[in-house]
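I have placed the structure first, in the form of structure tokens, so that the comments after it can refer back to it.
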Amino acid sequence: MPFSHHSHSGQFCPGHASESLEQVVQTAIAKGLRVFGLTEHMPRDDRDQYPEEREAGFNLAWHFTNEAAYIQEALRLRDKYKSEIALPLGFECDWIRQESRALIERSISAHPYDYFVGSVHHVHTVPIDYDAAMYADAKQKAGGTDERLFEDYFDAQLDMLEATRPPVVGHFDLIRLKSTSPDGSFKSMPAVWERIIRNLKFVASYGGILEINTAALRKGMREPYPNREICQLLQKA
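Quick note on our numbering: the sequence shown kicks off at 4 and runs consecutively.
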């Protein structure tokens, strides 16, 4: 049964897509999906706005308003298309620092979410998938090498996993996107590989799942998130 548990619209996630949420749902129906999770991004603190968001004047208050509007529209669409597709209501969390937990818990308690996707897009509070300059900044803060940044990324991911236990883990190895060798092997970095094994064991311990995210292919990589060697490890788990 075709399904997806991670999606965004241009209506509620500017910069991630261009279509309205209803158009996204209609596309999912046209492609034959039977389950399509709605997972717009959670609110982020004022200091964590992306450049285009700052330029547009977005802040935490804007994100709260946007989240409420998203919930209202998602519930409307779920009812409208209930005979054609199941639309679980979710959100994608942004784990930036330990204080992120309070915003995640606020979203869970304030709205009727069915689930959420746990993701890490920042290391040392710097976005690692936005552009090369920000990735380089995060790498410098981690010690100056991809390997050290990878280690810190998977440590931050474990912090997120332990604090929130997300039902779905988003783009598990996103860190490779802007790296020097995005299609390289994690096994060549023993300390990184150990962290990957550790994190996968923790996800398995509470019954979480990893998504297969094909955005990596669209962005020029040979394999989706997570890559082949991580998927092979999952098969053995």
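No residue lacks a Cβ here, since even glycine has one placed at the ideal position from N, Cα and C. Please read these numbers as outputs of a predicted model, since none were measured by experiment.
Looking only at its own chain, which residues have a Cβ that is under 8 Å from the Cβ of residue i, when we skip the five neighbours before and after it?
i    : result
F205 : L161, L164 and E165
R37  : M4, P5, F6, I88 and A89
Mind checking residue i: buried by the 16 CB within 10 Å criterion, or exposed?
i    : result
Y209 : exposed
A59  : exposed
L220 : exposed
K222 : exposed
D51  : buried
E102 : exposed
G121 : buried
Since residue i is in the beta strand (DSSP E), which residue starts that stretch and which ends it?
i    : result
F153 : F153 -> not in any beta strand (DSSP E); alpha helix (DSSP H) instead, spanning D149 to T167.
V120 : Y118 to S122
T42  : L41 to H44
Spatial neighbours of residue i within its chain, please: CB distance less than 7 Å, with the 5 preceding and 5 following residues excluded, ordered by chain position.
i    : result
D176 : Y228, P229, N230 and I233
F157 : V195, R198, I199 and N202
Span of the alpha helix (DSSP H) holding residue i?
i    : result
T217 : Here T217 belongs to no alpha helix (DSSP H), and DSSP marks it neither H nor E.
P54  : P54 to A59
I200 : P193 to Y209
M224 : Segment: none, M224 is in no alpha helix (DSSP H) and carries neither H nor E.
A145 : A135 to A145
T30  : L24 to A33
Q238 : R231 to K239
I'd like the list of long-range same chain contacts for residue i, defined as Cβ closer than 6 Å, with 5 residues on each side in sequence excluded.
i    : result
L180 : D132
D48  : L63
M192 : E150
With a threshold of 7 Å between beta carbons, is residue i in contact with chain C?
i   : result
W98 : Given the protein chain composition of this structure (a single chain), no chain C is represented.
*asked:* Would the region 86-97 count as touching the region 144-160 if we require 3 or more Cβ pairs under 8 Å?
replied: no
*Go through the region 77-131 residue by residue and report every complete run of the beta strand (DSSP E) that reaches 3 residues or more, in order.*
92-97 and 118-122
*Touching by the beta-carbon criterion (3+ pairs, under 8 Å), the region 73-86 and the region 9-27*: yes
*Decide yes or no for the touch test of the region 114-121 against the region 22-34: beta carbon pairs closer than 8 Å, at least 3 of them.*
no
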